[in-house]
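Asker:
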Amino acid sequence: MASHEQATEHLHEIPPANTGVIWRTFWILAAITAVEFTLAYFMKPGGFRTSIFVIMTLIKAFYIVGEFMHLKHEVKSLIWAIVVPIIFVIWLLVALLNEGAAIFVDRW
Numbered sequence: 001m002a003s004h005e006q007a008t009e010h011l012h013e014i015p016p017a018n019t020g021v022i023w024r025t026f027w028i029l030a031a032i033t034a035v036e037f038t039l040a041y042f043m044k045p046g047g048f049r050t051s052i053f054v055i056m057t058l059i060k061a062f063y064i065v066g067e068f069m070h071l072k073h074e075v076k077s078l079i080w081a082i083v084v085p086i087i088f089v090i091w092l093l094v095a096l097l098n099e100g101a102a103i104f105v106d107r108w
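Going left to right, the sequence shown walks through residues 1 to 108 as our numbering numbers them.
#1: Between the alpha carbons of M69 and L78, how many angstroms are there, rounded?
#2: Give the C-beta separation of E36 and F53 to the nearest angstrom, bearing in mind that I take them to be a contact with Cβ-Cβ under 8 Å.
#3: So, are the CB atoms of I59 and I32 less than 8 Å apart?
#4: Measuring alpha carbon to alpha carbon, tell me which of E67, H12 and T38 ends up nearest F26.
#5: Rounded to whole angstroms, what is the Cα-Cα separation between E51 and I14?
#6: DSSP three-state call for K60: helix, strand or coil?
#7: Please name the residue, chosen from P45, G46 and A61, that lies closest to I28 on a Cα-to-Cα basis.
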C-alpha cells in the first residue's frame, strides 16, 4: 500500500519553474533593443540605418519564434519550410519597392 501512496504523491508534484531561459531571452532581446535605440539617436537617418533596423528586427523576430514558439527544437525540414517562404516574401517586397520606385526615374 505504501508504494501506491508514493506513486500518487509524485503525480501531484509540480516541477520547479525553469525561468533561467526566459530571463536569458529577456536580456538578449533587451540588449538588441537598446542597440536599436542607441542607433536611432546617434545615426543620421537614411537607408543604412533603416537597413540595420530591419535586420535587427528580423533577428529579434526569429529569436522570439525560435525560443517561445519552440521552433528551434523542431526538425530542420520544418524550420526550412517556414524560413524559405519568408525569404521569398522579403525578396518580393524588395523587388516591388525597387520596381515601384523606378517609375519615378526619368528615363529620357
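Backbone N, C-alpha and C fix where the C-beta goes; we use that ideal spot for every residue, glycine too.
Answerer: So, to answer that:
#1: Against the sequence shown, residue 69 aligns to sequence position 69. Against the sequence shown, residue 78 aligns to sequence position 78. Between M69 and L78, the C-alpha separation is close to 13 Å.
#2: Your numbering for residue 36 matches position 36 in the sequence shown. Your numbering for residue 53 matches position 53 in the sequence shown. 6 Å between Cβ atoms; contact.
#3: Taking the sequence shown and counting its residues from 1, the one referred to as residue 59 is at position 59. Taking the sequence shown and counting its residues from 1, the one referred to as residue 32 is at position 32. Yes. Within cutoff.
#4: In the sequence shown, residue 26 corresponds to position 26, counting from 1. That would be E67, whose Cα lies nearest to the Cα of F26.
#5: Stepping through the sequence shown from its first residue, residue 51 is reached at position 51. Stepping through the sequence shown from its first residue, residue 14 is reached at position 14. Looking at the sequence itself, residue 51 is Ser, so the reference to Glu does not match. Near 46 Å, if we compare the C-alpha coordinates of I14 and S51.
#6: Here residue 60 is taken as the residue at index 60 of the sequence shown, counted from 1. In the structure shown, K60 sits in a helix (DSSP, three-state: H, G or I).
#7: Counting from one through the sequence shown, the residue named residue 28 turns up at place 28. Just measuring C-alpha positions, the residue of P45, G46 and A61 sitting nearest I28 is A61.
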